[in-house]
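Residue numbering for the sequence shown follows UniProt numbering, starting at 1 and increasing by one per position. Where a beta carbon is used, it is the ideal one built from N, C-alpha and C, also for glycine.
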Amino acid sequence: MSTSTENRRLWVEILKSIHRIMKSHPLHFHALSILFFLPIIFTLVIYPSFHLALFHPDYNFYQLDSHHLPLSSFEIVLPIVYTLCLSLFYLCAVATITHSAAQALCDKPINLLSSVKSIRNSFFPLLSTSILSHTILISIALFFVILVVFLVQILRSIRLIELKYDLNHFLYLCFFSLIVLVPILVWLQVNWLLAYVIAVVECKSGFEALRRSANLLKGKRWIASYAMLPDGLLMGLLVVPHSVASVMVGVAQGSLVAIFGVVVGSFMMNHYLLENVALYMYCKDEFFNGEKSPLEIGNKFTAASEYVSMPMDDEKNHAIVLWVL
1 MSTSTENRRL WVEILKSIHR IMKSHPLHFH ALSILFFLPI IFTLVIYPSF HLALFHPDYN
61 FYQLDSHHLP LSSFEIVLPI VYTLCLSLFY LCAVATITHS AAQALCDKPI NLLSSVKSIR
121 NSFFPLLSTS ILSHTILISI ALFFVILVVF LVQILRSIRL IELKYDLNHF LYLCFFSLIV
181 LVPILVWLQV NWLLAYVIAV VECKSGFEAL RRSANLLKGK RWIASYAMLP DGLLMGLLVV
241 PHSVASVMVG VAQGSLVAIF GVVVGSFMMN HYLLENVALY MYCKDEFFNG EKSPLEIGNK
301 FTAASEYVSM PMDDEKNHAI VLWVL
């Protein structure tokens with residue numbers, strides 16, 4: 001079987017698993033989406049309007065001369081606090097939905113209270129993994145910017161290029177820099193796609209979770225790209241236009257459109273996390289050369305070592321999985 005055919009088959013199986021989970025526990029996952037994702041998407045949509053109304057009430061979107069806005073110290077602190085709150089909600093969402101999806105894939109009973117309680121076991125592994133991954137990405141971006149500036153200065157000093165300090169030349173430089181930088185960052189993100197799932201399911205964190213994710217995704221990076229890139233692009237296309245619309249026409253006038261964006265965005269984020277969990281299950285099975293592997297999950301999912309049936313495909317035999325304390 002060719003690689004492309006195998007990837008398509010695996011992707012179909014992942015989608016079937018997600019459909020099976022959502023069909024078995026619709027209220028549970030909808031409740032988690034409302035609890036965590038709804039506030040995230042809602043604030044992403046309305047925050048630009050709120051920020052401008054609070055700090056720049058005279059701002060006019062259609063006047064170019066109003067774009068030069070003074071910044072106060074509180075105006076700088078507020079976005080930082082807002083970002084930290086969003087990160088907190090997102091990590092809690094990852095912990096609860098990943099825990100619930102892993103339980104559901106293994107035919108284990110799930111309930112809202114146990115999912116919320118799972119946050120205390122998963123939060124710090126998720127936090128350390130998130131901090132490390134973002135630190136690496138930001139460091140690479142900063143290093144690349146410094147390298148580009150250094151190379152441009154050298155080329156200008158030996159007069160191989162002539163670069164003027166104006167907006168057009170700056171935009172050209174940024175554009176060509178992003179062509180090189182973005183694929184590198186995306187490649188790392190694809191390799192680390194399962195890191196959060198590993199932090200929740202296997203209680204690994206930091207470099208260990210990132211390295212484990214890259215190992216599991218060997219030969220499956222195209223599948224990881226299918227799971228990450230379309231959802232990321234659609235989320236951006238969904239949130240950004242709604243945020244801009246709320247600034248242009250106001251939240252009150254665009255309330256129906258904003259509600260639609262919030263609901264669809266919450267569903268998409270939930271679907272994205274379920275994709276990651278299903279992909280983790282299949283990649284872990286493949287990691288053991290096609291044999292049904294011992295799923296080293298930890299005692300937060302079960303009170304004792306026991307065998308459970310993990311349905312991986314309706315047309316195949318169920319995998320027998322050992323849950324290890």
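Determine the DSSP secondary structure at residue i, reduced to helix, strand or coil.
{"i": "S243", "result": "helix"}
{"i": "S118", "result": "coil"}
{"i": "residue 328", "result": "The question about residue 328 has no answer, for the chain in this structure spans 1 to 325."}
{"i": "R159", "result": "coil"}
{"i": "L233", "result": "helix"}
{"i": "E202", "result": "coil"}
{"i": "W192", "result": "coil"}
{"i": "I146", "result": "helix"}
{"i": "C106", "result": "coil"}
{"i": "H19", "result": "helix"}
{"i": "H25", "result": "coil"}
{"i": "N7", "result": "helix"}
{"i": "H56", "result": "coil"}
{"i": "N276", "result": "helix"}
{"i": "residue 337", "result": "Since the first and last residues shown for the chain are 1 and 325, residue 337 lies out of range."}
Nearest to residue i by CA position, among the options, is which residue?
{"i": "R20", "options": "F37, A104 and T5", "result": "A104"}
{"i": "L113", "options": "T135, I40, A31 and H56", "result": "A31"}
{"i": "S205", "options": "F123, F55 and S128", "result": "S128"}
{"i": "N7", "options": "F55, L274, L217 and V149", "result": "L217"}
{"i": "V145", "options": "S177, S130, Y172 and N121", "result": "S177"}
{"i": "L10", "options": "L238, P230, Y226 and I259", "result": "Y226"}
{"i": "Y280", "options": "C106, V240 and S139", "result": "C106"}
{"i": "L238", "options": "I259, G219, F143 and F170", "result": "I259"}
{"i": "Q189", "options": "C203, I158 and S130", "result": "S130"}
{"i": "I179", "options": "K108, A141 and R211", "result": "A141"}
{"i": "S87", "options": "S73, H134 and K117", "result": "H134"}
{"i": "K108", "options": "S73, A53, W222 and S24", "result": "S24"}
{"i": "T5", "options": "L233, W222 and K16", "result": "W222"}
Within a Cβ cutoff of 7 angstroms, which residues of the same chain sit near residue i, ignoring the five residues on either side of it in sequence?
{"i": "S213", "result": "N191, W192, L193, L194, A195 and I198"}
{"i": "Y90", "result": "I40"}
{"i": "I119", "result": "C92, A95 and T96"}
Taking C-beta to C-beta, are residue i and residue j nearer than 8 angstroms?
{"i": "L137", "j": "L185", "result": "yes"}
{"i": "M235", "j": "G265", "result": "yes"}
{"i": "A278", "j": "I14", "result": "yes"}
{"i": "V77", "j": "V262", "result": "no"}
{"i": "L132", "j": "F42", "result": "no"}
{"i": "L274", "j": "I80", "result": "no"}
Below 8 angstroms on the Cβ atoms is my contact criterion, and I expect residue i with residue j to pass it. Report the Cβ-Cβ distance as a whole number of Å.
{"i": "F37", "j": "A93", "result": "6 angstroms"}
{"i": "H28", "j": "I110", "result": "6 angstroms"}
{"i": "S243", "j": "P48", "result": "5 angstroms"}
Can you find the residues in the same chain that come closer than 6 angstroms, C-beta to C-beta, to residue i, ignoring five residues on each side of it along the sequence?
{"i": "S115", "result": "T96, H99 and S100"}
{"i": "I154", "result": "none"}
{"i": "L269", "result": "The sequence as given places Met at residue 269; Leu does not occur at that position. Excluding positions up to five away in sequence, the list reads F37."}
{"i": "S122", "result": "A95 and V200"}
{"i": "K220", "result": "C283"}
{"i": "G290", "result": "Caution is warranted here: a pLDDT of 46 is assigned to G290, below 50, making its placement in the model unreliable, and no coordinate value can be reported."}
{"i": "L210", "result": "W192 and A195"}
{"i": "E75", "result": "F55"}
Please indicate yes or no: does the CB of residue i lie closer than 7 angstroms to some heavy atom of the ligand COA?
{"i": "L132", "result": "Annotation note on the ligand COA: not contained in the displayed structure, which lists no ligands."}
Residues in the same chain with beta-carbon distance under 8 angstroms from residue i, minus the five sequence neighbours each way, listed in chain order, please.
{"i": "I34", "result": "S266"}
{"i": "F124", "result": "S205"}
{"i": "V148", "result": "L173 and S177"}
{"i": "N276", "result": "T98, L193, L194, Y196, V197 and A227"}
{"i": "H271", "result": "I18 and D231"}
{"i": "M22", "result": "F29 and L274"}
{"i": "L126", "result": "L91, V94, A95, Y196, A199, V200 and S205"}
{"i": "F143", "result": "none"}
{"i": "Y82", "result": "T43 and Y47"}
{"i": "V12", "result": "none"}
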